[in-house]
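In what follows, a structure is listed as structure tokens, so that the remarks can point back to it.
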Amino acid sequence: MLKGRVTLPILAAFNEDKFQLVMSQPLMEELHLVWNRPRLRQQIDSSQAIRLEQQLQYRALWVELKTVPPNCRDPKDLPVLATAIDAPCPIPYSIQRLHNGS
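Mapping of the sequence shown onto my numbering: position 18 corresponds to residue 477, and the numbering continues sequentially without gaps.
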């Protein structure tokens, strides 16, 4: 999981402090549920997933969610939207538009 061709460059950039990762408790719970799905659990080393969760606990910028995000096609994406909206940093224009109803 952490050594894949997609994830390795992202993890390297995170370790080099090229971006700040923002997390919330609902987002962490969703991550935990997803990697524990039977289909994914076969492909993901549980020790790596646990290590990632621990790193996120200590290194991410944690926010307490206050926003109820707008409805979206997949309700499981709501923690992602709420975390992005409540983050104390610039958020992508597309999420701002979605939040403002544009």
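Glycine included, each C-beta is placed from N, C-alpha and C at the ideal position.
Once you ignore the five residues that flank residue i on each side, which residues in its own chain have a CB closer than 8 angstroms to its CB?
{"i": "C548", "result": "Q479, V481, L520"}
Is it true that the CB of residue j sits closer than 8 angstroms to the CB of residue i?
{"i": "S483", "j": "L524", "result": "yes"}
{"i": "V522", "j": "A546", "result": "yes"}
Mark residue i as exposed unless 16 or more other C-beta atoms lie within 10 angstroms of its C-beta, in which case mark it buried.
{"i": "A541", "result": "buried"}
{"i": "A436", "result": "Lying outside 460 to 561, the shown extent of the chain, residue 436 is not represented and no answer is given."}
Sort the options by Cα distance to residue i and report the nearest one.
{"i": "E488", "options": "F473, V465, N474, L537", "result": "L537"}
Can you grab the Cα-Cα spacing for the pair residue i / residue j, in whole Å?
{"i": "P497", "j": "P485", "result": "21 angstroms"}
{"i": "I509", "j": "L490", "result": "11 angstroms"}
{"i": "E475", "j": "I469", "result": "10 angstroms"}
{"i": "D533", "j": "R500", "result": "22 angstroms"}
{"i": "G463", "j": "E512", "result": "17 angstroms"}
{"i": "Y517", "j": "P529", "result": "29 angstroms"}
{"i": "S506", "j": "C531", "result": "33 angstroms"}
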